[in-house]
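Once you know that position 81 of the sequence shown is 81 in the numbering used here, the rest is easy, because the numbers rise by one and skip nothing. Even for Gly, the Cβ is constructed at its ideal location relative to N, Cα and C. One structure is given below, encoded as structure tokens.
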Amino acid sequence: MSVYLESRGQGPDLVLLHGWGMNGAVWQPLVERLEADFCLHLVDLPGFGHSQPLANGASLNDWSQAVLNVVPQQAAWLGWSLGGLIATQAALQAPSRVTKLLTLASSPCFVAKDDWPGIKPEVLTAFAEQLSADHEMVIKRFLALQAMGSEHAKTDVRQLRDSLNTKPSPDPTALAAGLRLLAEVDLRGQLAELSVPYLRLYGRLDGLVPHKAIPLVGALLAATNRQQYIEPKASHAAFISHPDNTATQISAFIAARLFGKEDFGGPA
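Listed below in structure tokens is the structure:
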């Protein structure tokens, strides 16, 4: 199994993991702002872009191990959406490899439960059922969901779609496997075990990771690891709609020493 990796820039190593349905090209707005200060490692997750898919039934651990196999021995990791789940798993299973963890518009549990805000289970079920009939339409609908709430929704969707089209279409089995991870993975009980410095980045208007989930995630973390930044007018893709602010937060966090205050910045 081969995971495609493209490295750009110079400086401290930073691994970037994209979200469901996308590929490493989606990070271009951040690449333009970070490559002068970091060596960026843009991963195509298994079955997306130029990467081969994992075997059927692959676990979250398998996904993160596939990335660990190709990235530098020590690096900061940034994961968007589904990529945030994979980055978090990597920090849990190989803390000596992940120097700092950053997640963007991600959740330890994406699906809504009685005590947890998230994506309605029937939405993910409908996407999974529609994949075999028309996976391109499913991706288009998911892109629209990601931009919903953004004041630049049409522009955000166009940028996401354009980056997707620069590489081969995702493998249908990988799309289905990624949806299963979003529907089934629940890392809430393991968050307190995170030993690496951790910054959570959110969009206040995100419909996939609701604002109500943010303090609930914070309550599951160690008191010294509750750094967060909320972009007030962003939806699920703040690095597309607000790339300057997002890049600033990333750079400052990676450059900073450990600190104990709960909020790294931004309105709560």
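Below 8 angstroms CB to CB, which residues in the same chain sit around residue i once its five sequence neighbours on both sides are set aside?
i    : result
I214 : R200, Y202, Q228, I230 and A268
A183 : F110, V111, P121, L124, T125 and A128
E35  : R8, G9 and Q10
R180 : A128
A174 : L45, P46, G47, F48, P53 and L54
Is it true that the CB of residue j sits closer than 8 angstroms to the CB of residue i?
i    : j    : result
T99  : L187 : no
G57  : G24  : no
L45  : W63  : yes
L102 : L85  : no
A105 : V209 : yes
D115 : S251 : no
H41  : V15  : yes
L17  : F239 : no
M22  : L164 : yes
D134 : P53  : no
R204 : P243 : no
For residue i, does the three-state DSSP call read helix, strand or coil?
i    : result
V98  : strand
Q74  : coil
T166 : coil
R33  : helix
Q228 : strand
E151 : coil
D13  : strand
V3   : coil
V185 : coil
R204 : coil
W80  : strand
K233 : coil
W20  : coil
V157 : helix
L104 : strand
V209 : coil
V67  : helix
E140 : Correcting the residue type first, residue 140 is Lys in the shown sequence and not Glu. K140 falls in the helix class under three-state DSSP.
Excluding sequence positions up to five away, which residues of its chain have a Cβ less than 6 angstroms from the Cβ of residue i?
i    : result
F253 : L199
A176 : L131
S20  : Here the sequence assigns Trp to residue 20, which means Ser is not the residue at that position. Cβ within range, chain order: L82 and G178.
F142 : G21
A76  : L14, T99, K100 and I254
When the Cα of residue i is compared with those of the options, which residue comes out closest?
i    : options                   : result
Q65  : D162, A76, A223 and L92   : L92
A255 : P12, S2 and V3            : P12
G47  : S169, L220 and R226       : S169
Q249 : R33, K154 and E193        : R33
A192 : S7, A133, A75 and P108    : P108
Q190 : Q52, A219 and S150        : A219
R161 : W77, A237 and G118        : A237
S51  : I119, K167, W80 and A247  : K167
P197 : K113, H211, L216 and T224 : T224
W80  : Q146, Q73 and A222        : Q146
K113 : L221, Q73 and K212        : K212
G118 : L216, L221, K154 and R226 : L216
Once the 5 residues before and after residue i are set aside, which same chain residues still bring their CB inside 7 angstroms of it?
i    : result
M148 : G207 and S235
L68  : A90, A94 and R97
Q159 : I240
E6   : G24 and L42
E151 : K233
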